[in-house]
Each structure stands twice: as structure tokens, then as C-alpha cells.
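Visitor: Got a structure for you, questions after.
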Amino acid sequence: MNIGQAIQEFRKHEQLTQAELAQRLPVDRTLISKVESGSRELPASLDPVLSGLSWKIALKIADERTGGFISNILDDLPNLDLHPAALKDVLLKDLGELEQALEGLVMAKHIDLERRRASAERVWQELRDVIEKTIVLQGVLEEEFGIDRKRMIQKHEMEVKRGER
Numbered sequence: 002m003n004i005g006q007a008i009q010e011f012r013k014h015e016q017l018t019q020a021e022l023a024q025r026l027p028v029d030r031t032l033i034s035k036v037e038s039g040s041r042e043l044p045a046s047l048d049p050v051l052s053g054l055s056w057k058i059a060l061k062i063a064d065e066r067t068g069g070f071i072s073n074i075l076d077d078l079p080n081l082d083l084h085p086a087a088l089k090d091v092l093l094k095d096l097g098e099l100e101q102a103l104e105g106l107v108m109a110k111h112i113d114l115e116r117r118r119a120s121a122e123r124v125w126q127e128l129r130d131v132i133e134k135t136i137v138l139q140g141v142l143e144e145e146f147g148i149d150r151k152r153m154i155q156k157h158e159m160e161v162k163r164g165e166r
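Here is the structure:
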């Protein structure tokens, strides 16, 4: 799924016409039509506004704009159970695997470089699993509980700056 398809899916889920979505952005309706059809790319200047409308769009934009550095696991696991309890179980499993991989990396400091590299790559993969599922869980919580992402980001950044996190 590309950004245009994600926008179209969001729009249909929210029962919005292209004109209504265009008015929210604000852009011309034809831009929405062209982005959804794939005949035009979404201007990057619209990323923040669209990301604010839906965590799924935010994730899709991040995936495409970062070349997969921030990936959209929903593309790879379209049947991922998005219930918070199910995501909790998956995330805890991934955290356990990350802990094991980190222990292996610590122990690898006494072995040859190639085995240390393999151990570091396993940690990298496990970190990615945790990050991907954590981002999805954040989005689900935003959606389910009406959490204001922008406010939460600002609050978190302030707590980090004050040394509270």
C-alpha cells in the first residue's frame, strides 16, 4: 500500500469525500484524487497535517519518506491483531527476544569479530521488531482512547529535557 492508498482507505473509513478531505488540509480536491490514483506524489508539506489525521497514514508516510528506516509493519503483517491485549503479548515476546539478544552481545565481547557482528545484527533485528510493534501500539492507543499525539510528544520531550525520563 502506498501513501495514496492509505489516504483513500482513511477517507473511506471516515466516510469523507475527496472534497471534504481536501478542505481539511486545505488543498484542491484534484490533488487528493491524483495522490489516491498514484498519478501524483503527495507534497511533503502535507505530511504533518495528514499524519495528524491518522496514525496509519503517519506510519505509511514515515515508511516511504525514510526509505523504510521507520517501517510500516502493517504492510508486512496485514492480519496483525490490533487489539491492545494482543499487541501487548507480541511486544512482550519481542522484548524477551531482545533481552536474550542483548545478553548474547554482551557475552560476545570475548569472541571473534565475525561472531560479535552476527550477535550485533541479531540485536538490531530484535530492536526493529520492538520498535515496529511499539509504534503500532501507540497508534492503536491514540485511536482507541483519543490520545492527542502532538500533546503527548511535547509532554514527553519536556520530561526528557527535565531529566524525568
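In short: position in the sequence shown from 1, add 1, done, that's this note's numbering.
The beta-carbon is built from N, C-alpha and C at its ideal position, and this holds for glycine as well.
Got a sec? Which residues, its chain only, sit under 8 Å from residue 64 by beta carbon, not counting five neighbours each side?
Guide: Result list for residue 64: 71, 72, 73, 76, in chain order.
Visitor: Taking the alpha helix (DSSP H) that residue 145 belongs to, which residues open and close that run?
Guide: Element bounds for residue 145: 114-146.
Visitor: Can you tell me the Cβ-Cβ gap for residue 57 and residue 140, rounded? I've got them flagged as a contact below 8 Å.
Guide: Yes, residue 57 and residue 140 are in contact; Cβ-Cβ is about 7 Å, under 8 Å.
Visitor: Exposed or buried, which one is residue 95 when buried takes at least 16 other CB atoms within 10 Å?
Guide: Residue 95 should be labelled buried.
Visitor: Since residue 19 and residue 34 are thought to touch, with beta carbons under 8 Å apart, how far apart are those beta carbons, to the nearest angstrom?
Guide: Residue 19 to residue 34, Cβ: 6 Å. Contact.
Visitor: Is the beta carbon of residue 144 closer than 8 Å to that of residue 150?
Guide: Taking 8 Å as the Cβ cut-off, residue 150 and residue 144 do not qualify as a contacting pair.
Visitor: Please determine, among 66, 78, 10, 162, the residue with the shortest C-alpha to C-alpha distance to residue 133.
Guide: Per the Cα distances, 78.
Visitor: Could you tell me the distance, in whole angstroms, from the CA atom of residue 109 to the CA atom of residue 137?
Guide: One C-alpha to the other measures close to 32 Å.
Visitor: Less than 8 Å between the C-beta atoms of residue 26 and residue 43, yes or no?
Guide: The answer is no: Cβ separation not under 8 Å.
Visitor: DSSP state of residue 163, grouped into three classes?
Guide: Coil.
Visitor: If you drop the 5 nearest sequence neighbours on each side, which residues of the same chain put their C-beta closer than 8 Å to that of residue 36?
Guide: So the qualifying residues of the chain are 4, 5, 8, 42, 43.
Visitor: With a CB to CB cut of under 7 Å and the five nearest residues on each side skipped, what residues in its chain are close to residue 52?
Guide: The residues are 58, 59, 62.
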